[in-house]
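Inspection log for the structure reproduced underneath, given as structure tokens.
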Amino acid sequence: MPELPDLQVFGRNLNKKLSGKKVKKLTVKNRSKLKTPVAKLKKAIEDAKLKRIEREGKELYFYFSNGNVLSLHLMLHGKLSLFEKANKEKYTILEFLFDDDSGLALTDFQGKATPTLNPEEKNAPDALSKEAGQKFLKDQLAKKRTAIKAFLLDQHNIRGIGNAYADEILWEAGISPFSIANKIPDQKIKLLAKSIRSVLQKAEKQILKTHPGLISGEIRDFLKIHNSKQKKSPTGGAIHNKTLGSRITYYTDEQEVYK
DNA sequence: GTGCGTGTTAAACT
DNA sequence: CAGTTTAACACGCA
0 MPELPDLQVF GRNLNKKLSG KKVKKLTVKN RSKLKTPVAK LKKAIEDAKL
50 KRIEREGKEL YFYFSNGNVL SLHLMLHGKL SLFEKANKEK YTILEFLFDD
100 DSGLALTDFQ GKATPTLNPE EKNAPDALSK EAGQKFLKDQ LAKKRTAIKA
150 FLLDQHNIRG IGNAYADEIL WEAGISPFSI ANKIPDQKIK LLAKSIRSVL
200 QKAEKQILKT HPGLISGEIR DFLKIHNSKQ KKSPTGGAIH NKTLGSRITY
250 YTDEQEVYK
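If you're matching positions, the first sequence starts at 0 in numbering that gives the first Met the number 0 and goes up one per residue.
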């Protein structure tokens with residue numbers, strides 16, 4: 000459910016609340032998405048001190064003082080929740096119990112949220128990383144014949160952009176989501192690179208302001224285009240919606256189509 | 001009651 | 001064959 004800016008806020012808040020604590024117990028209640036044997040995971044994490052938490056793409060990486068890293072991907076419906084002593088959530092995937100009897104649970108009614116021990120390094124750059132700039136986009140877009148929105152959503156290309164923010168970014172850049180990736184002119188690619196950063200960073204600030212302690216859910220009520228409550232863009236263009244790749248896409252005629 | 005929304009992947013398609 | 005597209009997952013929420 001959450002997208003990059005939400006996850007960025009979760010990471011900040013979890014850091015504040017949890018870093019420095021030692022894991023007393025790790026319990027796995029649903030191991031269907033876990034590729035590591037439970038015993039191995041417990042051995043890697045139990046008794047280790049949680050150093051820090053960082054967002055990577057759409058995942059949260061938990062770094063431990065013994066060098067191990069546990070990544071949590073919330074997928075569509077994963078939720079994090081803090082508890083004292085005992086976790087009472089339904090649909091729990093796994094739970095940490097720290098040495099002060101506080102705890103963190105990962106739950107998902109769909110069972111799709113995915114924990115990964117020591118994830119491999121990914122090739123695709125994070126959307127907010129330095130590498131994901133104009134030059135990178137120009138090189139990659141030249142190779143692709145898909146719609147630009149499909150490109151942005153594919154985590155093998157660039158990591159962290161989801162359905163809602165893809166629409167916001169493309170509106171900001173003045174590019175139609177239906178534009179073909181390798182038909183977009185250089186000066187628009189430059190705008191796209193800028194928009195990715197500015198839209199995501201502004202959203203993070205906004206969420207932090209209105210929901211300072213957030214560690215789960217998603218806040219999207221302030222979105223300008225991907226928002227069923229908005230009829231017009233800030234510059235007055237009527238907002239249309241259409242399905243693209245089995246997902247709803249909001250856009251206006253202010254965005255140029257390159258085909 | 002009813003339909004929409006969110007990310008990824010396996011499977012289908014071109 | 002390889003690149004691209006889609007349906008399915010199953011519930012909470014409005």
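A virtual CB, placed ideally from N, CA and C, is assigned to each residue, including glycine.
Owing to the predicted nature of the structure, the values given are computational and were not obtained by experimental measurement.
| task | Report yes or no: do three or more beta-carbon pairs, one from the region 178-188 and one from the region 12-32, lie closer than 8 angstroms? | result | Contact annotation: the region 178-188 does not touch the region 12-32, with fewer than three C-beta pairs closer than 8 angstroms.
| said: Is Asp-185 a contact residue of the ligand MG, with contact defined as CB to any heavy atom under 7 angstroms? | reply: Although the ligand MG was asked about, the structure shown includes no ligands whatsoever.
| In this structure, does DSSP put Ser-70 in helix, strand or coil? | Three-state DSSP puts Ser-70 in a strand.
| query | Just how far apart, CA to CA, sit Ser-64 and Asp-98? | reply | Roughly 15 angstroms separates the two Cα atoms.
| request: Measure the C-alpha to C-alpha separation of Thr-251 and Ile-157 and round it to an integer number of angstroms. | output: Each residue's Cα considered, the two are about 24 angstroms apart.
| message | Using C-beta distances below 7 angstroms, list every residue in its chain close to Ala-126, excluding the 5 sequence neighbours before and after it, in chain order. | response | Cβ neighbours of Ala-126 within its own chain (closer than 7 angstroms, five residues either side excluded): Leu-3, Ile-157, Arg-158, Gly-159, Ile-160, Ile-195, Leu-199.
| task | May I ask which residues mark the beginning and end of the alpha helix (DSSP H) holding Asn-162? | result | Boundaries of the alpha helix (DSSP H) around Asn-162: 162-172.
| said: Considering only their Cβ atoms, is the gap separating Glu-88 from Ser-104 smaller than 8 angstroms? | reply: A quick correction: the sequence has Ala, not Ser, at residue 104. Yes, these two residues count as a Cβ contact at 8 angstroms.
| query | So, helix, strand or coil for Pro-263, using DSSP? | reply | Because the chain is modelled from 0 through 258, residue 263 falls outside the range shown and cannot be assessed.
| request: Please report the Cβ distance between Tyr-249 and Ser-178, rounded to the nearest whole angstrom; I am assuming they are in contact, meaning their Cβ atoms lie under 8 angstroms. | output: That belief does not hold up - the Cβ atoms of Tyr-249 and Ser-178 are roughly 15 angstroms apart, past 8 angstroms.
| query | Is it buried or exposed for Ser-197, if we count other Cβ within 10 angstroms and need 16 for buried? | reply | So Ser-197 counts as exposed.
| message | Tell me the rounded alpha-carbon separation between Leu-152 and Lys-20. | response | Whole-angstrom Cα-Cα distance: 35 angstroms.
| said: Contact defined as beta carbons within less than 8 angstroms: I believe Phe-135 pairs with Lys-143. What is the distance between those atoms, to the nearest angstrom? | reply: Incorrect: roughly 13 angstroms between the Cβ atoms, too far for contact.
| By a C-beta neighbour count over all protein chains shown, 10 Å radius and 16 as the cutoff for buried, is Asp-107 buried or exposed? | Buried: at least 16 other Cβ atoms inside 10 Å.
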